[in-house]
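Colleague:
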Amino acid sequence: MSRGSEWRKWDLHVHTASSYDYKYKTDDCDELLVNCWREKELAVVAITDHFLIDAERIKKLQLLAPEITILPGVELRCDKGTSNLHVILIFPNQDLDKLSNRFNVIMKDDKAKNKNNNDIIYWDYKDIVEFARANNGIVSVHAGKKDKGIDDGITNSLEVNMAIKAEIAEFADVFEMGKIKDIDNYNKFVFKTIGRKPMIICSDNHDPRNYQVKENLWIKADASFEGLLQAIKEPELRFFVGDIPPKKKIVNDNSQKFIDSIKIKGITSSDKWFDDEIPLNCDLVTIIGNKGNGKSALADIIGHAGNTHNNKFSFLSSEKFNQKPDYLGKNYGVVLKWKNGIEDEKLLFPINNTSLVEKVKYLPQQYIEYVCNDLKDGFNNEIERLIFDYLPQEEKLGMDSLIGLMDYLTINVVKDIDSNLGKLKEINAQIIEKENKSSLGEKRILNEKLNDYKKQLEQEANNKPIDVVKPNIDTEVEETLNMLNVQMEDLKKQIEIKKQDLENLSKKQHLIESTLEQIEKAENSVEELFNKLNNNLISNGIKEIVACKLDVNCEDLISLKKQVESGINSIKLEISTIESDKKDGILVLKLKETQQRITQITSKLSLAEVNYQNYLQNLIKWREKVAKVSEDVDKIREELRVLEEDIPAKLNELYESRKLVCKEIYLLKKSIIEKYAQKYSYINNAISELDIKESEKPKIEINFYLDSNSMERKLFNNINQNIKSIFRGKEQAKENLSLLVETIKIDEFDSVFDSLKKIENELKNSSSDYDKVFLDKMEFFNNLYGLDYIKTNYQLKLGNKLLNKLSPGERGLLLLVFYLLLDKENCPLIIDQPEDNLDNQSIFDRLVEYIIRAKAQRQIIIVTHNPNIAVACDSEQIIYSSMNKEELQIKYTYNSMEAPEMRKYIVDVLEGTMPVFEKRSKKYTE
1 MSRGSEWRKW
11 DLHVHTASSY
21 DYKYKTDDCD
31 ELLVNCWREK
41 ELAVVAITDH
51 FLIDAERIKK
61 LQLLAPEITI
71 LPGVELRCDK
81 GTSNLHVILI
91 FPNQDLDKLS
101 NRFNVIMKDD
111 KAKNKNNNDI
121 IYWDYKDIVE
131 FARANNGIVS
141 VHAGKKDKGI
151 DDGITNSLEV
161 NMAIKAEIAE
171 FADVFEMGKI
181 KDIDNYNKFV
191 FKTIGRKPMI
201 ICSDNHDPRN
211 YQVKENLWIK
221 ADASFEGLLQ
231 AIKEPELRFF
241 VGDIPPKKKI
251 VNDNSQKFID
261 SIKIKGITSS
271 DKWFDDEIPL
281 NCDLVTIIGN
291 KGNGKSALAD
301 IIGHAGNTHN
311 NKFSFLSSEK
321 FNQKPDYLGK
331 NYGVVLKWKN
341 GIEDEKLLFP
351 INNTSLVEKV
361 KYLPQQYIEY
371 VCNDLKDGFN
381 NEIERLIFDY
391 LPQEEKLGMD
401 SLIGLMDYLT
411 INVVKDIDSN
421 LGKLKEINAQ
431 IIEKENKSSL
441 GEKRILNEKL
451 NDYKKQLEQE
461 ANNKPIDVVK
471 PNIDTEVEET
481 LNMLNVQMED
491 LKKQIEIKKQ
501 DLENLSKKQH
511 LIESTLEQIE
521 KAENSVEELF
531 NKLNNNLISN
541 GIKEIVACKL
551 DVNCEDLISL
561 KKQVESGINS
571 IKLEISTIES
581 DKKDGILVLK
591 LKETQQRITQ
601 ITSKLSLAEV
611 NYQNYLQNLI
621 KWREKVAKVS
631 EDVDKIREEL
641 RVLEEDIPAK
651 LNELYESRKL
661 VCKEIYLLKK
671 SIIEKYAQKY
681 SYINNAISEL
691 DIKESEKPKI
701 EINFYLDSNS
711 MERKLFNNIN
721 QNIKSIFRGK
731 EQAKENLSLL
741 VETIKIDEFD
751 SVFDSLKKIE
761 NELKNSSSDY
771 DKVFLDKMEF
781 FNNLYGLDYI
791 KTNYQLKLGN
801 KLLNKLSPGE
811 RGLLLLVFYL
821 LLDKENCPLI
831 IDQPEDNLDN
841 QSIFDRLVEY
851 IIRAKAQRQI
861 IIVTHNPNIA
871 VACDSEQIIY
881 SSMNKEELQI
891 KYTYNSMEAP
901 EMRKYIVDVL
911 EGTMPVFEKR
921 SKKYTE
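End of the sequence shown = 926 in UniProt numbering, gap-free, step of one.
1. Reducing DSSP to helix, strand and coil, say where M399 ends up.
2. Is it a yes or a no for the stretch 859-869 touching the stretch 814-833, going by three-plus beta-carbon pairs under 8 Å?
3. In three-state terms, what does DSSP make of I368?
4. In whole angstroms, what separates the C-alpha of T913 from that of S896?
5. Mind checking who N205 pairs with in its DSSP beta bridge?
6. Three or more C-beta pairs under 8 Å: does that hold for the stretch 96-107 against the stretch 47-58?
7. Closer than 8 Å by C-beta to I90: which residues in its own chain qualify, once you throw out the five before and the five after it? Chain order, please.
8. Going by beta carbon distance, what residues of the same chain come within less than 8 Å of E479, once the five residues before and after it are set aside?
9. For a test of the three-state rule: what should DSSP assign to L505, helix, strand or coil?
10. How many angstroms separate the CA atom of N156 from the CA atom of I168?
11. Would you call G341 buried or exposed, if buried means 16 or more other Cβ atoms sit within 10 Å of its Cβ?
12. What separation, rounded to the nearest whole angstrom, lies between the Cα atoms of K635 and L643?
13. Does the Cβ-Cβ distance between V773 and S807 come in under 8 Å?
14. Taking the beta strand (DSSP E) that S606 belongs to, which residues open and close that run?
15. What does the alpha-carbon distance come out to for the pair V468 and W622?
16. Nearest by alpha-carbon distance to D452: which of V633, N310, E170 and E520 is it?
17. Going by alpha carbons, who is nearest to S18 out of K181, D207 and E6?
18. Rounded to whole angstroms, what is the Cα-Cα separation between F704 and Y905?
19. Throw me the rounded Cβ distance for the P698 and F818 pair, which I believe falls under 8 Å.
20. What are the uninterrupted segments assigned as beta strand (DSSP E) that are 3 or more residues long and contained completely in the stretch 812-849, given in chain order?
21. Any contact between the stretch 411-419 and the stretch 608-617? By contact I mean 3 or more CB pairs, one from each, below 8 Å.
22. Please classify S506: is it buried, with 16 or more other beta-carbons within 10 angstroms of its beta-carbon, or exposed?
23. Can you tell me where the alpha helix (DSSP H) with V45 in it begins and where it stops?
24. Give me the Cα-Cα distance between V334 and K265, rounded to the nearest whole angstrom.
25. Enumerate in chain order the residues of its own chain whose CB-to-CB distance from I723 is below 8 Å, with the five nearest sequence positions on each side excluded.
26. Counting Cβ pairs, one atom from each stretch, are 3 or more of them under 8 Å apart for the stretch 273-289 and the stretch 878-896?
27. I'd like to know whether the C-beta atoms of E236 and C202 end up nearer to each other than 8 Å.
28. Measure from the alpha carbon of I466 to the alpha carbon of each residue in I121, L616, F240 and F781, then state which is nearest.
29. Can you tell me whether G289 is helix, strand or coil according to DSSP?
30. Out of curiosity, what's the CA-to-CA distance linking E130 and N93?
31. In chain order, which continuous runs of the beta strand (DSSP E) of length 3 or greater are located wholly inside the stretch 758-805?
32. Pick out the complete beta strand (DSSP E) segments inside the stretch 866-900, 3 residues or longer, and give them in chain order.
33. What are the start and end residues of the beta strand (DSSP E) that includes A221?
34. By the three-class DSSP mapping on this structure, what secondary structure does M177 have?
35. Can you grab the Cα-Cα spacing for the pair I368 / P834, in whole Å?
36. Using C-beta distances below 7 Å, list every residue in its chain close to L798, excluding the 5 sequence neighbours before and after it, in chain order.
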């Protein structure tokens, strides 16, 4: 079962007893050598004896160690710039006898100089290279500080020596170094000029009793010569010298995050759609095949087996494999085995993973297409997850999501906003009351009342009782009546004063009781708050609780309350009917008694005296009436003055107060942005450090935005759109509102507030009956100045291009850059590239570099129709999907990209339909 190209230990410079200078040539030398290879866990070795290819010995070694790939090779001495520069040739291990004979005839007998003396024998470098190429071999040159190397034997002192080095390097496939420092120096200095080539450190072993590996040589390839050829083409990706390759260590340390294999099988023998067990490479797995041959099926199945929460499946959907009424998935099982040995098993139906732990990230075709059309909504949850993942643990405050964390961090800000919204409602209520009082209609009513009272005064001037001549009357009776009339008028005045006093005291009583009630509620609320705070401290392991000592002294207010209550009771005793015995109050009783005495006296008077007394009574009533109307005139005039002078001044104060409260709400909302920005800074710092093109670098900016839909809903729900105004008619109202806010600068409060005032003014000026425009005037202004439609949100960019300016393919690029370069989960990432979308295909071309980076950290599985994924990304494993449509069977063939059978599949699937592939087809046709 081939997993494709994997990291294995190689030794490409090993001598045997066939070398003239070998130090141990007894009968067991080969067995000792093979044992050393096994002890060192070598997968591939190259036999590079001096000046010969001993086919018989190599065959013997292959029989002794069939599990180890043994490649034939030879170490030669050449003439370039020195008499002792060593070059190694390594060849495929087919037809060893023919290779050995060709070497003896061409190189040993024909091309060698001083061929009879092993100490001074050498060859022309040109002949060495020519023989290597003619026999499909590779050339390895000693370099760095390695003995008999290009740098050891040829100095840089002369220009001719530099030219010789350049020529040697041009035809060398591999540089064999002496130590790690040589590799570092070549990376820093040499490769800047000649281009990167593989560097290796080998044992150069001449004695199986002392087999020393200076450094482990790891090559990620098939254990074959073809694997070596493929690896040479990717020196950075496939060669590593040291203890263990970084990716291999990642896999060892995080075995629970790498899939070892997947097994798909029908429950019964008649279920033939699937019957495969596929070992998976831990790097990049590319699934290829012709359209409709089961590529997406495998991606869907791996995603489902890994509990993906993204179920926009192409194959396992209810429209295809799991279509009613058959639900074919219930007849097939999948087993996902992880590198740590754990196996997850389930059926291919039903599909419901949202309650399970998501072990893979799957991007199906439909999801990618959906996100490409609407990235913000489609990708919102993932963006928030990535932002949260980048926070240091101590800043997560024990929360498990960004939303939960931000709710916790902004809870007090939200409370402050709510408190200010309460103030805003109070201010708006006062404003509406004052505006109603100062309206033209109200002024007109007052003027009409004033004119009416003036007319009443004019009329009353004509209604003055006609003078009656005072008749002769008993002096004592007259004095008594005068005294009683004065007394009656005085009692009436006292009663009116007492009534006013009672009203004032009742208001004061209500205010005091309300204040004491609010104080009691506040005390209870504070006590409840501190209990909650202390409970929170205790639940988080903090024993030092906060002591709450609220010192509220209400004694004076309670004392005043008692005085007021006493005053109210006293007044009621004087002017009110006493409920217990239905008796009138003292003053009312005195008034009635006075009136009765007057009635008694006047009943005994003569007609002339009665008429005169009636005249006096009518005169008193007339004067009272005139005084009352005059008082009403003064009152109306005062109301008009208040309406024209005091109310406008008070409204200006209220308007300013509303602006200040609105600004406070705005600033509180802005403080939320600052909290978000601080949390977003971690992922933005990571983004800024990405070594990618600025035009392809994602950006996350947190800012305000005006939610026009929310604004329309909150305003228009309180407008009668049948009444003439700028908001009449649904569509016209939307258009007019859009025009009114189109110039708003959402980051500047003055601009925001000016736009709100403009809305208010335009609404007022556009209506002939302003108040009828509103369904709920109070709610309209609470919503208008409450700013709930101004929201905090992040803005995604690609380079400097806004999201709405990106093509669908660029949105896809942004999506995949996040997953490939920024996702910290590092679980397997499965991508099913959408078909028949040229824009998406061009974007996948641009992703090559990012896929290569990502596979160094995590396992990636890609379904592709694009050669740059399989070829340019140097895919470690290819899975070829094919389908027998008559038998309804899908089969998967898998191997490394360098495997001969896979080359055929790659070329067959991609050639002709993907012109880009031809540029890289030399990887398979050389």
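All residues carry an ideal CB built from backbone N, CA and C; glycine is no exception.
Modeller: On the basis of the data shown:
1. Residue numbering aside, residue 399 sits at position 399 when the sequence shown is read from its first letter. Three-state DSSP puts M399 in coil, outside helix and strand.
2. yes
3. Your numbering for residue 368 matches position 368 in the sequence shown. Reduced to three states, the DSSP call for I368 is helix.
4. Residue mapping note: residue 913 aligns to position 913 of the sequence shown, counting from 1. Residue mapping note: residue 896 aligns to position 896 of the sequence shown, counting from 1. Per-residue confidence for T913 stands at a pLDDT of 44, beneath the threshold of 50, marking its modelled position as unreliable; the derived number appears in the next sentence. Roughly 22 Å between the two C-alpha positions.
5. For this step, residue 205 is matched to residue 205 along the sequence shown. DSSP lists V14 as partners of N205.
6. yes
7. Walking along the sequence shown from the start, residue 90 turns up at place 90. If we look at I90 and ignore the five residues flanking it on each side, its Cβ neighbours are L12, A46, T48, L71, P72, G73, G137, I138, S140, F225 and L228.
8. Indexing the sequence shown from 1 puts residue 479 at position 479. Closer than 8 Å at Cβ, skipping near neighbours: no residue.
9. Start at 1 with the first residue of the sequence shown, and residue 505 comes out as number 505. Three-state DSSP puts L505 in a helix.
10. Working through the sequence shown from its first residue, we reach residue 156 at position 156. Working through the sequence shown from its first residue, we reach residue 168 at position 168. Residue placement at N156 cannot be trusted, given a pLDDT of 41 that sits under 50; what the coordinates show is reported in the next sentence. Going from the Cα of N156 to the Cα of I168 covers about 14 Å.
11. Against the sequence shown, residue 341 aligns to sequence position 341. Under this definition G341 is an exposed residue.
12. Your numbering for residue 635 matches position 635 in the sequence shown. Your numbering for residue 643 matches position 643 in the sequence shown. Cα to Cα, K635 sits roughly 12 Å from L643.
13. Locating residue 773 in the sequence shown gives position 773, where the first residue counts as 1. Locating residue 807 in the sequence shown gives position 807, where the first residue counts as 1. No, the Cβ-Cβ distance between V773 and S807 is not below 8 Å.
14. Along the sequence shown, one-based indexing puts residue 606 at 606. Segment: none, S606 is in no beta strand (DSSP E) and carries neither H nor E.
15. For the purposes of this step, residue 468 is identified with residue 468 of the sequence shown, where counting begins at 1. For the purposes of this step, residue 622 is identified with residue 622 of the sequence shown, where counting begins at 1. One C-alpha to the other measures close to 15 Å.
16. Counting from one through the sequence shown, the residue named residue 452 turns up at place 452. Cα-wise, what sits closest to D452 is V633.
17. Taking the first residue of the sequence shown as position 1, residue 18 is located at position 18. Among K181, D207 and E6, the Cα nearest to that of S18 is on D207.
18. Numbered from 1 along the sequence shown, position 704 holds the residue referred to as residue 704. Numbered from 1 along the sequence shown, position 905 holds the residue referred to as residue 905. Straight-line Cα distance between these residues: approximately 53 Å.
19. Counted from its first residue, the sequence shown places residue 698 at position 698. Counted from its first residue, the sequence shown places residue 818 at position 818. Going by Cβ atoms, the distance from P698 to F818 rounds to 6 Å, so yes, they are a contact pair.
20. 829-832
21. no
22. Taking the first residue of the sequence shown as position 1, residue 506 is located at position 506. The residue in question, S506, is exposed, as its Cβ has fewer than 16 Cβ neighbours within 10 Å.
23. Counting from one through the sequence shown, the residue named residue 45 turns up at place 45. From DSSP, V45 is part of no alpha helix (DSSP H) but of the beta strand (DSSP E) over L42 to H50.
24. Locating residue 334 in the sequence shown gives position 334, counting from the first residue. Locating residue 265 in the sequence shown gives position 265, counting from the first residue. Cα to Cα, the separation comes out at about 7 Å.
25. As a first step, residue 723 must be located in the sequence shown, where it is residue number 723. These residues qualify, in order along the chain: S767, D769, K772 and V773.
26. yes
27. Taking the sequence shown and counting its residues from 1, the one referred to as residue 236 is at position 236. Taking the sequence shown and counting its residues from 1, the one referred to as residue 202 is at position 202. No, the Cβ-Cβ distance between E236 and C202 is not below 8 Å.
28. By one-based count along the sequence shown, residue 466 stands at place 466. It is L616.
29. Translated into the one-based positions of the sequence shown, residue 289 becomes position 289. Coil.
30. The sequence position of residue 130 within the sequence shown is 130, counting from 1. The sequence position of residue 93 within the sequence shown is 93, counting from 1. Distance between the alpha carbons of E130 and N93: 19 Å.
31. 790-798
32. 877-884 and 889-895
33. Here residue 221 corresponds to residue number 221 of the sequence shown, with the count starting at 1. Its beta strand (DSSP E) spans residues L217 to A221.
34. On the sequence shown, residue 177 is found 177 positions in, with the first residue counted as 1. In the structure shown, M177 sits in coil (DSSP, three-state: anything other than H, G, I, E or B).
35. In the sequence shown, the residue the question calls residue 368 occupies position 368. In the sequence shown, the residue the question calls residue 834 occupies position 834. Roughly 7 Å between the two C-alpha positions.
36. By one-based count along the sequence shown, residue 798 stands at place 798. Hits under 7 Å: E696, P698, L806, E810, L813 and L814.
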